[in-house]
Structure formats: structure tokens, C-alpha cells
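Mapping the sequence shown onto the numbering used here, position 33 (from 1) lands on 49, and the numbers just tick up by one. A virtual CB, placed ideally from N, CA and C, is assigned to each residue, including glycine. To keep things clear, I will list the structure first and then write my remarks on it.
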Amino acid sequence: MIRKHSTTLRGHRTSLSLEDVFWDELKTIAASRKMALAALIAEIDSARDPAGNLSSALRIYIFNWLKSSR
Numbered sequence: 017m018i019r020k021h022s023t024t025l026r027g028h029r030t031s032l033s034l035e036d037v038f039w040d041e042l043k044t045i046a047a048s049r050k051m052a053l054a055a056l057i058a059e060i061d062s063a064r065d066p067a068g069n070l071s072s073a074l075r076i077y078i079f080n081w082l083k084s085s086r
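Here you go:
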């Protein structure tokens, strides 16, 4: 199920839509990197193509993280 989540990026509140499985995995990645979830999201946001959206960038990041963990 897709859910809306809110976070703060560079001092501004923003919302994003992610399936629960992606949100849970994002939290797991942040914990394994010993960083706050908001910091991980900000890092991904800073590196993404400005033409794309944040939710897609998060899914791609998670996919690549899991693929590299094999």
C-alpha cells in the first residue's frame, strides 16, 4: 500500500508517497548507515536528477542498495 510520509528537507516540510516495503527498507538502510532517516532522504534528494521526483529517486536508491548488497 502506498502511504504519504512527511519529512523536512533543508528546513522545509515536504511529503512523499512510498509503499510500506520501501519505507521500511529506507529506515533499515538509514540505521545500517548510522544516520537519521531525514539525513538519508536529504542525501538522496541532493543527488537526484531535478527532473525526477523524490519518491522515484528513493525507490531507485533502495533498489541499487539492495542490488549491491548481494
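Requested in this report: Starting from the Cα of residue 31, find the closest Cα among 63, 82, 57 and 79 and give me that residue.
Outcome: Comparing Cα positions, the closest option is 57.
Requested in this report: Measure the alpha-carbon distance for residue 68 versus residue 75 and round it to whole angstroms.
Outcome: Between residue 68 and residue 75, the alpha-carbon positions lie close to 12 Å from each other.
Query - Straight-line gap, residue 51 to residue 25 (C-alpha atoms, nearest Å) - result: The C-alpha of residue 51 lies about 15 Å from the C-alpha of residue 25.
Query raised in the report: Bridge partners of residue 24, per DSSP?
Result: In the DSSP output, where bridge partners are listed per residue, residue 24 has 29.
Query - Backbone CA spacing between residue 55 and residue 47 [nearest angstrom] - result: Going by the C-alpha atoms only, they are around 11 Å apart.
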